[in-house]
Amino acid sequence: MAAKSSRDSSSSSYRCSYHAFLSFRGQDTRKGFTDHLYRALELAGIHTFRDDDEITRGESIESELEKAIQESQVSIIVFSKDYASSRWCLNELLKIVERRNTDHRHVVLPVFYDVDPSIVKKQSGTFAEAFARHDERLCTEEMDKVEQWRKALRDVASLGGMVLGDRYEGQLIQDIVQEIRNKLDHAALDVSPFSVGMDNRVQHLNMWLQDGSNDVGVAVICGMGGIGKSTIAKAAYNLNFDRFQGSSFLADIRESSEQPNGFARMQRKLLSDIQKRKAKKVYNMDEGTIRIKQAVGYKKVLIVLDDVNNQDQLNAILGMRDWLHPRSKIIITTRHEHLLNAYEVCETFIVRVLDKHESLELFSWHAFGQSHPVEGYMELSRHVVQHCGGLPLALQVLGSSLSGKSKVVWQSALQKLDVIPNDKIQKVLRISFDTLQDDHDKNLFLHVASFFIGKTMDYTITILDNLEFCTRIGIENLVDRCLVTIHGSNRLVMHQLVRNMAMAIIREESPNNPGKRSRVLQKDASNILRKLSGTENIKGLMLNLASKRTFVGSDKKRCHVEDCDGNCSRPRRLGFSSWKPVSFSSTNSASASNEIDFKAEAFRRMHNLEILMLNNVNIRGSYEEFSKNLVCLSWRGFQLKSIPGNLYLGNLVALDMRNSSLQHVWNGTRFLLRLKILNLSHSHGLRTTPDFSGLPNLERLILKDCINLVEVHESTGDLEKLLVLDLEGCKNLMNLPILRSIQDLILSGCSKLVLGTNTTATTDHLQATACEMKELNLLSAKSWYSIWSWVSPRKNIESSSFSVASLPHSLTSLHLGYCNLSEIPSALTMLSSLEYLDLNDNPITSLPECMNNLVKLRTLAVDGCRNLTMLPELPHSLKNLYGKGCTSLKRTTTLPNLDVSPDSDHQSYGISLHSNLWYCGKLVDVASLYSTLALRSFDINLLQDINLFNLIPKGGVEVQRDNYCPSLGRRRHFKGPYECRIFSIFVHRSKIPNWYNYRSMGNTVFSIIVPSHLNIKILGLNACILYARQSDRSPEVARGHHRHALELRNETKGLKWNLIMCNEVDWKERNEDLLWLSHWIMGNNELECGEKLCISINDQGDFVAKEIGINFFALELEPIFR
């Protein structure tokens, strides 16, 4: 394996190629202490050489390794217990001592990791045992070498050095880094040696800094406060500043700019850094700008602007972009993702939170001085890590504060954190709040944090727009400041520590009297209601009380949390505050024993209350006490049989009475002119709906799982603005009125529904997923008769052919999953506006041949269609194809949106069609994309190129073939997928073969210069990735699914290739490491000698990449297939 370093062997700023040479015995410390030390040195900008275990070691180390020692300023020797057992290490030591003896400037720093210096100096203990073995094995002629080893050990041990002793490894690493910095008089920036998870984040920025572009590059690193933006920028700066003719890191621009003459002082620092001498005083910005223009125009520079907060700060610096010398780079860190919209930003790097493994490791370094918790503290550590939600700042602060403390103190600290956030963390997070543009955005943030996390954007906008907020632009501002994110399902998500910060801000309104605050939640709300201490200051109140009651007579699957728009919300516990599960009541009986009754008079003084969210809360008394200004009322588990007439609802926009005991909603007609959302789901006592004629603006009526509902009032058909009617699971519903303008009608599970004439004459969206319509009676209109007899044919219903006229041509989304369809009529393809078609879990054997007539179809779902054998030609508009579990599917015709032609002039070969064909075990041919063939049908040259013969023992090997089509088992003739000119297989092995001569450790990004040889044409390359199972995988999980992605980029030509594979492993059968081998055939001149190739790995699942190997082939091969 080639020796590895973080940079090129030449440097314009240093005579030596490396700052430090790291000597150690690999078997003792490579994967632990030495690895952590190496990473800490690199992140501190100390460019370090370390050899690799896989280098072929002979009797001499004269070549590359000796050259590295000669070209290093410092040698760090890590002595471990068995260091003297290695002749290789001892010979390396001799070369280091020789270098020191011939060059007094060379610094040697011994580190005594788990061995006392006296043992090394005197060669006692394990060192004596090692030399005894050397004496036995070496001949008389070699005994002089043994004496040289002994003397070298004595000399180096006498230098003193760093001793681990009883202290933590982390502290020792910090001391080593600082000692090396002092000895080098190093100008790099200070970076924490425990920057866990930094490698991948810094690597991508490094690649951009080293891309060789002739343009002036600008990149922005953005993320929430405390996420590590500055640390990433510092690490990248340390690794690259001496590649530039001038460099400057302007730290804390936000804070500096607030000081008197702050901009001018920053300009002066920039000038001093670039010119490498103290600059004259800058008296004003204009003068500084002119001088900067003169300074940066003739040299390649690297400038980092840290913590930029507003446009003025940018203009003071970025106004010079056009003056910069070609190939200069500017890096900006900010909390404002869209701050640079006015500029042409080349790259944007969004910093994400650490995952749970990285979080635990970072916390452990600060709490215990090692990479994992000490015995007895694992569970407590996990609780702290969960609280931190992957935020590096929180992990560092809390880890340091708990270091050396007893378990009792830890437990007390955790209890305090639930009530009072850590002040140091909150101070950093609050900067984003304090710098919001105005009180509108600040109040919007507090409202969202209090009441709308986990809610959809549409629902939130509907409510808050009616509270005089400019909601959409306001939320965009919050997203821009990284205070809120929008989840893929269009829901609002907030980091729990940010939400804690919001709660702390609200408490500041009245620290000792919650009744005088603007928003009151949970415990404070309960106390206010109990003590009758509410005031007119309160605008929003939320109180969720748990209930022990369970659903009766209803499928347990329906016991879940939903938003007021009726969409199911799944609980998330990933360090981001979204929505939390609540135990709901739906027995329609008396209150549960653990519920508390409050008095209605508690609301008497809350006449400005606009948002009221209650869950399983009983209120006794006159409902006239409630505020007349309520805009949103969510009262889940409401205990009365009807809503009292004296509860004023006139200003409501949303009314959510889910899981209630209502038997009729209200008496007579109520005029709720502003109401847009009404949700009565899971109200099992409800038999009829009220007269809706007084709700002219109602848009969503949600009656899901009202299992005793028999009739929907005929006034529903007159609601001209009604868009959504959800009746899923209303199994006793007998009648449905004529609906005039409905777009989304959900009738799943309405088994007794009697449909009237022309019920959905103008329906735009029919959803009939999971229909169980065993007792469906069809009357009147022939169109409905043909629709429902097609959708769900029954023995007692005369079959009729489906008429496409029954569905409007404006239909954009059609859900017909679980409808027992055995045939899809060709008339379906006449729905020219259809964009989404769900046919999941139907016994169909084929689809209409003219499916490509659906020219707007973007998503086709046929999951679980076990009888489906073939997919026809699909429309070019298709972007998503879901066919999981189509166990009979054997082939498809040409799929759309593929660019796989080997002669294509395109710069990359990508697939814009997203497909999931898991568990399609019989699928062997996807035209134009993928083919699974026995290896015996491949050209013999390909098998020789990938050296597969050397991996396959006699009698067979277990091979996995994949493209979302996993299969595992012994094959007589091994199979693997060939797609887009790439052959790929998985085999169980624990080591990368030695013929892969370019290597890199771990899940990282690394670069290769393609070897140059005369008269050789590069035809492609082989890649081999070694995966290990993650050690913390739960043993009870027997089967795992894993996604592997490998990306190749020709940086010289700007070409990119991606290969994404999935596999399935049964841990009960195999618990071994895994090799992913792939053979890439490049097109004409796509990869040539001397070009720069970057390789990156991105995996999801329970495998972690340990190592990757690459080799090139350049023979004139015959075509792959015979």
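Following UniProt numbering, the numbering of the sequence shown begins with 1 at its first residue and continues without gaps.
Just so it is clear, CB atoms sit at the ideal spot from N, CA and C, and this is done for glycine as well.
According to DSSP, which residues form a beta bridge with residue 1145? Missing from the structure shown is residue 1145; the chain here goes from 1 to 1122 and no further.
Alpha-carbon spacing of S1096 relative to N200, whole angstroms: Going by C-alpha positions, S1096 is about 10 Å away from N200.
Who does A861 pair with in a DSSP beta bridge? Under DSSP, A861 shares a beta bridge with D838 and Y882.
Would you say K145 and D114 are within 8 Å of each other, going by their C-beta atoms? For the 8 Å CB-CB criterion, K145 and D114 do not form a contact.
Assuming T462 contacts V653 (C-beta within less than 8 Å), just tell me the rounded distance between them. Indeed, because the Cβ distance is near 6 Å, the residues count as touching under 8 Å.
My output table needs one value for K416: the three-state DSSP class, helix, strand or coil. The answer is helix: DSSP assigns K416 an H, G or I state.
Are at least three pairs of beta-carbons, each pair with one atom in the stretch 271-285 and one in the stretch 222-234, less than 8 Å apart? Contact between the stretch 271-285 and the stretch 222-234 is absent, because fewer than three Cβ pairs lie under 8 Å.
Please work out which residues of its chain come closer than 8 Å, Cβ to Cβ, to H440, disregarding the five sequence neighbours upstream and downstream, and give them in chain order. Cβ within range, chain order: F469, C470 and G474.
Using a threshold of 8 Å, state whether the C-beta atoms of H19 and Q73 are closer than that. Yes, they are a contact pair.
Taking only the alpha-carbon atoms, compute the straight-line gap between S642 and E476 and give it to the nearest angstrom. The alpha-carbon atoms of S642 and E476 are separated by roughly 40 Å.
Considering only their Cβ atoms, is the gap separating V191 from L153 smaller than 8 Å? No, the Cβ-Cβ distance between L153 and V191 is not below 8 Å.
What do you get for E258, buried or exposed, if any count of 16 or more other CB atoms within 10 angstroms of its CB means buried? With fewer than 16 other Cβ atoms within 10 Å, it is exposed.
In the DSSP output, what is Y168 paired with across the bridge? Assignment of beta-bridge partners to Y168 by DSSP yields no partner.
Hey, how far is the Cα of E1047 from the Cα of G1054? When only Cα atoms are considered, E1047 and G1054 end up about 13 Å apart.
Compute the distance between the beta-carbons of S432 and R481, then report whether it is under 8 Å. The answer is yes: Cβ separation under 8 Å.
Starting from C1024, follow its DSSP beta bridges and name the residues at the other end. Within the DSSP bridge table, the entry for C1024 names L1077 and G1109 as partners.
Let me check understanding here. Comparing Cα to Cα, which of P326, A295, R335 and R291 lies closest to L305? Minimum Cα distance to L305 is reached at R335.
In chain order, what residues of the same chain lie with their CB nearer than 6 Å to the CB of K299, ignoring the 5 residues before and after it? Cβ neighbours of K299 beyond the five flanking positions: Q245, G246 and H325.
To test your reading of the DSSP string, which unbroken alpha helix (DSSP H) runs of 4 or more residues are found completely within the stretch 588-638? Taking only runs of at least 4 residues, no alpha helix (DSSP H) segment lies wholly in the stretch 588-638.
Cβ separation of V710 and L733, assumed to be a contact under 8 Å, to the nearest whole Å: Yes, they are in contact, since the Cβ atoms of V710 and L733 sit about 6 Å apart, within 8 Å.
Starting from the C-beta of D597, find all residues in its chain whose C-beta is less than 8 Å away, skip the five residues before and the five after it, and write them out in chain order. Closer than 8 Å at Cβ, skipping near neighbours: S591, N618, I619 and R620.
Less than 8 Å separating the beta-carbons of L878 and L860? Yes, Cβ-Cβ distance for L878 and L860 is below 8 Å.
For C750, I'd like the list of residues in its chain whose CB is within less than 6 Å of its CB, leaving aside the five on either flank, ordered along the chain. When the five nearest sequence neighbours on each side are left out, the beta carbons in the same chain lying within less than 6 Å of the beta carbon of C750 are those of L727, C730 and L733, in order along the chain.
Determine whether the beta carbon atoms of I292 and A219 lie at a separation below 8 Å. Not closer than 8 Å, so no.
Would G534 be called buried (16 or more neighbouring beta carbons within 10 Å of its own) or exposed? The Cβ neighbour count for G534, taken over all protein chains shown within 10 Å, is at least 16; the residue is labelled buried.
Do L655 and G685 count as a contact pair if the criterion is CB distance below 8 Å? For the 8 Å CB-CB criterion, G685 and L655 do not form a contact.
Starting from S400 and walking both ways along the alpha helix (DSSP H), at which residues does that stretch end? S400 -> alpha helix (DSSP H) spans P392 to L402.
Mapping the DSSP letters down to three states, classify K278 as helix, strand or coil. In the three-state reduction of the DSSP assignment, K278 falls in the coil class, being assigned neither a helical nor a strand state.
Tell me whether A1105 is buried or exposed, calling it buried when 16 or more other Cβ atoms sit within 10 Å of its Cβ. Buried, because 16 or more other Cβ atoms sit within 10 Å of the Cβ of A1105.
Starting from I232, trace the alpha helix (DSSP H) both ways and give me its first and last residue. Start and end: K229 to N240.
Whole angstroms is fine: what's the gap from L1087's alpha carbon to G399's? Between L1087 and G399, the C-alpha separation is close to 48 Å.
Within a Cβ cutoff of 8 Å, which residues of the same chain sit near H664, ignoring the five residues on either side of it in sequence? The beta carbon of H664 sits closer than 8 Å to those of K641, S642, L686, R687, T688 and P690, all from its chain and outside the five residues before and after it, given in chain order.
Judging by CA-CA distance, which residue of H682, R670, S683 and D705 is the nearest neighbour of L698? In this structure, R670 is the residue among H682, R670, S683 and D705 with its C-alpha nearest to the C-alpha of L698.
Euclidean distance between Cα positions of S990 and I1009: Roughly 27 Å between the two C-alpha positions.
Can you tell me whether DSSP reads V146 as helix, strand or coil? The answer is helix: DSSP assigns V146 an H, G or I state.
If we call anything under 8 Å between Cβ atoms a contact, is L189 one with G45? Yes. Within cutoff.
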